[in-house]
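Novice: So that we are looking at the same thing, I have put the structure below in structure tokens.
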Amino acid sequence: MARNSTLTARLGYIDTQATFVQAALLAAHGAGARAGGFRVSDVRFFFLLFTNWVEHDVTRPSQDIDLTQVRRTLERLVRAGHAEAATGAAVKGLPRGRRYVLTGEGLGSLSEGLAGRERAPLEEALFVVCFAASYRDAVLSRVEGRARAPSPAVRRRVERALDPLRLLREAQRTSAAVLADLEERVEAGLRYEEQAREALSRAESEADVVRALEAAGSYQLHRVRPLGEVLLALPEDLRRFELTEGMGLRSRLLFAPLAERARAEHAVLERLEARLTAGRAPG
């Protein structure tokens, strides 16, 4: 069963934003321990840093969050008992501004939300693995100032959620599922193309060809609209294109290249698992 992250479900961020916002909150909490907590601007900085790491400033240049969004997020986390706002005096020698710390429930929920995104794209999955391998212990150890040491139960939640090897294996399962689906799409599209062309060469009617293709299965949106209904509703020229070229064209120009990429991504994840496993080996 798919799990929505705390921020996705409660605070209205889209999945990709939620991944990096949650990481930014955890990082800001760890970095702000000696300062008595973290500021709104700290969270936005870490969000921009982490999205820069995965090249989102190139591929998604419009993706950003402003300070008002972060402030509202923190207010909601405070109301949920996942964060506490500072009420004491400003820390000497440090910039002024309201400061926050995450509670134990906040640490646990944000860690589980960060790790709970299912079927994330490769760069996002790799980021979460890297974040977990880099900062899990640091987040748990930052208990100076007003932040309280997490309870044993919270520590176990965070340690499990941010286990980099577990996260990597989840990413592998996703890549394997995507690859299997794409390979089936390639095979089905080429098979449909061959069947349709052979039937049309025998002067079978397009309606008969369409019904035969529908009976063959493999059309993934059949529950939304049957293949026969889709094809027979098309203008004649588009229907002829679909039956003679379209299905095979998608297999060659879309599904096959995507399958090639998925195959390469899966190989990358397998090599990373070997490295992480070797890093855990004694001696």
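For the record, in the sequence shown the residue sitting at position 32 is 52 according to our numbering, with numbers rising by one throughout. Beta carbons are placed, not taken as given, at the ideal position from N, Cα and C, and that holds for glycine. Quantities reported herein were computed from a predicted structural model and do not represent experimental measurements.
Below 8 Å, can you find three or more Cβ-Cβ pairs linking the stretch 267-280 to the stretch 208-227?
Specialist: With a cut-off of 8 Å, the stretch 208-227 and the stretch 267-280 count as touching, because enough Cβ pairs lie within range.
Novice: Verify whether the separation of the beta carbon atoms of R283 and L188 is less than 8 Å.
Specialist: Going by C-beta atoms, R283 is not nearer than 8 Å to L188.
Novice: Taking the beta carbon of R291 as the centre, do at least 16 other beta carbons fall within 10 Å, making it buried, or is it exposed?
Specialist: Result: exposed.
Novice: Would you kindly report the start and end of the unbroken beta strand (DSSP E) that includes E265?
Specialist: Element bounds for E265: n/a, residue is neither H nor E.
Novice: With DSSP collapsed to three states, give me the class of S129.
Specialist: S129: helix per DSSP, three-state reduction.
Novice: Measuring CA to CA, which of T88, D257, F67 and A227 is closest to E249?
Specialist: If we check each option's Cα against that of E249, A227 comes out closest.
Novice: Identify the continuous alpha helix (DSSP H) that holds A208 and give its terminal residues.
Specialist: Taken as a continuous stretch (DSSP letters only), the alpha helix (DSSP H) holding A208 covers P184 to S221.
Novice: Does the Cβ-Cβ distance between A106 and G56 come in under 8 Å?
Specialist: Yes, Cβ-Cβ distance for A106 and G56 is below 8 Å.
Novice: Inspect the CB distances between the stretch 135-151 and the stretch 57-66 and report whether three or more fall short of 8 Å.
Specialist: In short, these stretches do not touch, since the Cβ pair count stays below three.
Novice: Cβ of E262 within 8 Å of Cβ of L252?
Specialist: Taking 8 Å as the Cβ cut-off, E262 and L252 do not qualify as a contacting pair.
Novice: Is the distance from the Cβ of L306 to the Cβ of L122 below 8 Å?
Specialist: Here the chain covers residues 21 to 303 and nothing more, so residue 306 does not appear.
Novice: Which residue marks the beginning of the beta strand (DSSP E) containing A105, and which one marks its end?
Specialist: Looking at the DSSP string, the run of the beta strand (DSSP E) that includes A105 is A103 to A105.
Novice: Taking 8 Å as the limit between beta carbons, can you name the residues of its chain near R175, skipping five residues before and five after?
Specialist: Excluding sequence neighbours, R175 sits near L160.
Novice: Is it buried or exposed for R119, if we count other Cβ within 10 angstroms and need 16 for buried?
Specialist: So R119 counts as buried.
Novice: Using the beta-carbon count (16 or more within 10 Å), is V178 buried or exposed?
Specialist: The residue is buried, with at least 16 neighbouring Cβ atoms inside 10 Å.
Novice: For L247, which three-state DSSP category applies?
Specialist: In this structure, L247 counts as helix in the three-state DSSP scheme.
Novice: Using 8 Å as the threshold, is the C-beta distance between G124 and S171 below it?
Specialist: Yes. Within cutoff.
Novice: Given a threshold of 16 other Cβ atoms within 10 Å of its Cβ, counted over all protein chains shown, does R193 qualify as buried or as exposed?
Specialist: It is exposed - the Cβ of R193 has fewer than 16 other Cβ atoms within 10 Å.
Novice: Using 8 Å as the threshold, is the C-beta distance between V44 and F70 below it?
Specialist: For the record, residue 44 in the displayed sequence is Ala; it is not Val. Yes, the Cβ-Cβ distance between A44 and F70 is below 8 Å.
Novice: Compute the Euclidean distance between the alpha carbons of H49 and T93, then round it to the nearest angstrom.
Specialist: Cα-Cα distance, rounded: 14 Å.
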